[in-house]
Structures are given as structure tokens and as C-alpha cells.
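Since the structure comes first, as C-alpha cells, the remarks are kept for the end.
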Amino acid sequence: MFGSLRKRVLTPALAEVTFAKRGFPAVPSEATRRLEAIPQAVICGFEWGIEMGDLWGVERRLSMVDPELRGFAYEGVTMAYTIRDAMAGGRGNRTRNLLNGSGYPHIFLAYIGIGFAMARLPRPLWRKVVPVLGESPYYPTMTWLAVDGYGFDRAYFDTRRWVDRQQLPTPYPWDGAPDYFPRAVDQGIGRALWFIHGARAVDVAAAVDRFPRSRRADLWSGVGLASAFAGGGTYDDLAWLAAAAGDYRPHLAQGTVFAVKARVHAGFVPAHTGSAATALTGLSVDEAVAVADSTAVTPQQGGDEPAYEKWRQRIAARFR
Numbered sequence: 007m008f009g010s011l012r013k014r015v016l017t018p019a020l021a022e023v024t025f026a027k028r029g030f031p032a033v034p035s036e037a038t039r040r041l042e043a044i045p046q047a048v049i050c051g052f053e054w055g056i057e058m059g060d061l062w063g064v065e066r067r068l069s070m071v072d073p074e075l076r077g078f079a080y081e082g083v084t085m086a087y088t089i090r091d092a093m094a095g096g097r098g099n100r101t102r103n104l105l106n107g108s109g110y111p112h113i114f115l116a117y118i119g120i121g122f123a124m125a126r127l128p129r130p131l132w133r134k135v136v137p138v139l140g141e142s143p144y145y146p147t148m149t150w151l152a153v154d155g156y157g158f159d160r161a162y163f164d165t166r167r168w169v170d171r172q173q174l175p176t177p178y179p180w181d182g183a184p185d186y187f188p189r190a191v192d193q194g195i196g197r198a199l200w201f202i203h204g205a206r207a208v209d210v211a212a213a214v215d216r217f218p219r220s221r222r223a224d225l226w227s228g229v230g231l232a233s234a235f236a237g238g239g240t241y242d243d244l245a246w247l248a249a250a251a252g253d254y255r256p257h258l259a260q261g262t263v264f265a266v267k268a269r270v271h272a273g274f275v276p277a278h279t280g281s282a283a284t285a286l287t288g289l290s291v292d293e294a295v296a297v298a299d300s301t302a303v304t305p306q307q308g309g310d311e312p313a314y315e316k317w318r319q320r321i322a323a324r325f326r
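Those letters in the sequence shown? Residues 7 to 326, by our numbering.
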């Protein structure tokens with residue numbers, strides 16, 4: 007009964023995330039239909055996670071999702087479990103159990119799902135939303151993807167405020183680096199621009215250029231991650247995008263490398279990811295992963311900057 011009530015109150019309708027409902031300028035096409043399936047997969051995962059009591063049942067449903075969309079469904083489950091753990095006063099362990107188990111291959115997207123939950127939770131509860139994963143090489147470095155997810159959510163669901171009016175978020179001491187918080191949010195906003203403009207390279211590039219120059223590097227990084235992970239653009243479109251990025255091309259390439267690494271870690275690399283890797287970085291999937299692995303930074307190597315940002319800088323430097 008409580009699960010059904012949570013689902014009814016908290017789960018948005020699938021129609022709520024369509025581009026037409028959101029008022030996006032994207033022109034309906036096969037690409038937009040493919041992109042719309044991504045937030046709908048997130049909602050399906052959220053429904054299962056917010057309603058069901060046992061992890062086994064949720065995992066069985068996730069295993070039947072198409073491999074290309076399965077990581078997005080894990081985003082939704084992680085979002086739901088983060089909210090449920092918060093509702094338990096921060097004492098819940100659903101998110102930790104998920105990320106220590108079947109969710110681990112999808113940990114990059116799972117952290118983004120935590121960010122989606124943050125957009126719906128008051129800031130005082132953020133302190134406990136990320137579970138400690140001591141054995142994972144991506145904790146706490148990649149927890150910044152939660153902030154990225156928060157930025158994506160704000161841009162997707164409140165586009166007028168975060169994209170049209172280009173609002174800046176209030177800093178938050180995530181991982182002890184409040185000044186970096188707005189930059190990670192911008193990386194998520196950059197990902198959202200890929201969806202908002204329906205993977206139309208010309209429109210995406212123009213949208214980035216409307217932001218101040220100080221924000222464009224992080225926005226281009228988000229565009230690279232979304233275009234390579236979510237797909238929707240042709241090879242020629244992406245090659246044009248790489249040229250249009252100009253001085254920001256290393257940042258576009260960095261986001262692409264992260265996307266390829268995430269896809270490989272999840273165990274499924276769709277054809278569009280390999281095509282994007284070549285178009286945006288000039289590398290194969292294996293070569294892009296090698297760049298990611300050879301530049302990885304441990305939390306202790308971060309110094310004055312988050313280790314996440316140091317990793318991003320090292321990757322971008324390979325493309326200058």
C-alpha cells in the first residue's frame with residue numbers, strides 16, 4: 007500500500023518528459039524519439055524503485071530492459087532509492103546495496119541518478135545522499151557526477167530559468183569544494199542542451215555560444231558526454247560539432263572520453279558511441295578508454311582541486 011502511494015505521489019507521467027511537453031525547440035525526428043526514450047527509461051526505473059520492497063524484483067525488471075537503455079533505468083532506481091533512504095532519516099541502505107551489487111557497472115549513471123534525487127530534496131539532506139563505497143576506485147572522485155545530474159535536471163525541467171536566463175546555482179560544499187559546485191552543474195546543463203535541441207549540432211553549438219565564455223568549457227564537456235553516451239547525431243553532425251567547438255574541442259573530447267569509459271564499464275557499447283569517439287576525438291573506443299585509464303587521479307592527488315577536475319584536465323590536455 008505504501009509503495010503504491012509513493013509511486014502515485016512521486017512518479018511523473020511518461021508524457022511529462024517528452025520534448026513537446028517540456029516545450030523544447032527540438033524538431034520531431036527519429037533522433038528526438040530515441041532521445042525521449044532515455045528519460046522515459048529513467049521514469050520506469052524510478053517507478054520500480056519507489057514502489058517495490060525487494061531489490062531482487064527490481065533487478066529482474068532491470069535485466070529485461072534493452073542494454074542500450076538499462077543504465078538509464080538504473081539512474082531512475084538510484085534516484086528512487088536515494089529519496090527512500092532520505093525519507094528514512096538518512097539511515098536507509100538501499101542505495102548502498104544497489105551500488106555494491108548489480109548497479110556497480112552503471113555507477114557513473116547511478117551517481118547522476120543521485121543528482122536527480124537532490125533536485126527534489128532540501129539541501130540539508132544532501133550530506134548523506136552518497137553512500138560510502140570504500141572498495142570502489144570511483145569513490146569519491148566520480149561523485150561529482152551527482153552534481154552534474156542535478157544540473158541536468160534543473161536545465162531539463164526548468165529550462166527557462168537555467169538555460170534561457172542562465173541562472174547560476176548557489177555554491178554547495180560538495181566534496182569540500184563549494185567553488186567547483188557551479189562548474190559541475192554547468193557540465194550537466196551542457197548535457198541537457200544536447201537533449202533540449204534534439205541532437206541538432208548547429209543548434210547545440212549556438213546554445214553553448216549564448217552563455218558567457220567563462221562557462222563554455224564545462225558546457226562543451228557536457229555536450230561531449232551526452233552526444234557520445236546518448237547518441238542521436240550522425241557522424242557528419244558530430245564531425246561538424248568538433249570543428250565548431252574551436253578552442254573548446256579538448257573539453258568536448260574530454261566529455262566524450264568519459265562517456266566511452268562509462269559505456270565500457272557498463273559492458274555494452276552501442277555503435278553510436280564508437281562513431282562519436284572517432285568523430286569527436288579521433289580515437290577508437292579502446293584508445294579512448296586507454297586515455298581515461300592512463301590519466302586517472304586518486305582522491306589523494308587532487309590537491310587544491312577535486313580529483314575529478316584533475317582527471318578532466320589530464321584528459322583534455324591529451325587533445326590540445
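Just so it is clear, CB atoms sit at the ideal spot from N, CA and C, and this is done for glycine as well. It should be emphasised that the depicted structure is a prediction, and the values quoted were computed from it without experimental measurement.
Return the chain-ordered list of same chain residues with a C-beta closer than 6 Å to the C-beta of residue i, the five sequence neighbours on each side being excluded.
i	result
F274	P73
A1	Residue 1 is absent from the structure shown; the chain starts at 7 and stops at 326.
F325	P256, A259
A131	The identity of residue 131 in the sequence shown is Leu, whereas the question assumes Ala. Correct list, in chain order: A92.
W246	A207
A322	P256, H257, Q260
P34	none
A198	F158, A161, Y162
G237	H278
A251	W226, L258
R320	T301
For residue i, count the other beta carbons within 10 Å of its own beta carbon; 16 or more makes it buried, fewer makes it exposed. Which is it?
i	result
E36	exposed
W317	buried
T38	buried
M93	exposed
E57	buried
G29	exposed
S233	buried
L174	exposed
D243	buried
A294	buried
E141	exposed
S227	buried
D181	buried
A205	buried
Y87	buried
Y241	exposed
K27	exposed
E22	exposed
G63	exposed
G95	exposed
A298	buried
D154	buried
Please report the residue range of the alpha helix (DSSP H) in which residue i lies.
i	result
V297	291-300
K316	313-323
P73	73-93
P188	187-202
L20	Careful: L20 lies outside any alpha helix (DSSP H) and carries neither H nor E.
A259	255-272
N103	100-106
E141	Looking at the DSSP string, E141 is not in any alpha helix (DSSP H), and its letter there is neither H nor E.
V64	61-69
A207	207-215
G55	36-57
H278	277-287
Y241	241-251
A116	113-124
W168	First-last for W168: undefined, no H or E at that position.
Who are the Cβ neighbours of residue i in its own chain at under 8 Å, not counting the five residues just before and after it?
i	result
M85	V48, G51, F52, G55, G119, I120, F122, A123
P218	Q172
Here's a check: name, in chain order, each residue in its chain whose Cβ is nearer than 7 Å to the Cβ of residue i, leaving out the five neighbours to either side.
i	result
Y156	G121, M124, A125, V191, G194
L105	I113, A116, P137, L139
A313	T147, V303, T304, P305, Q307
P188	L174, P175, P177
F235	A265, A268, R269, T279
L41	F201, G204, A205, A236, G238
L20	Q46, I49
T149	Y117, V136, D181
Are residue i and residue j close, meaning C-beta to C-beta below 9 Å?
i	j	result
V138	R102	yes
V263	L289	yes
P18	F201	no
H203	P31	yes
V229	V210	yes
A79	L68	yes
V214	L225	yes
R160	R167	yes
Y186	E65	no
V291	A285	no
D100	Q172	The sequence shown places Arg at residue 100, not Asp. The answer is no: Cβ separation not under 9 Å.
V71	G109	no
P111	A272	yes
E81	A183	no
Just to check, is the beta-carbon of residue i closer than 8 Å to a non-hydrogen atom of the ligand PLP?
i	result
C50	As for the ligand PLP, it is missing from this structure, which has no ligand bound.
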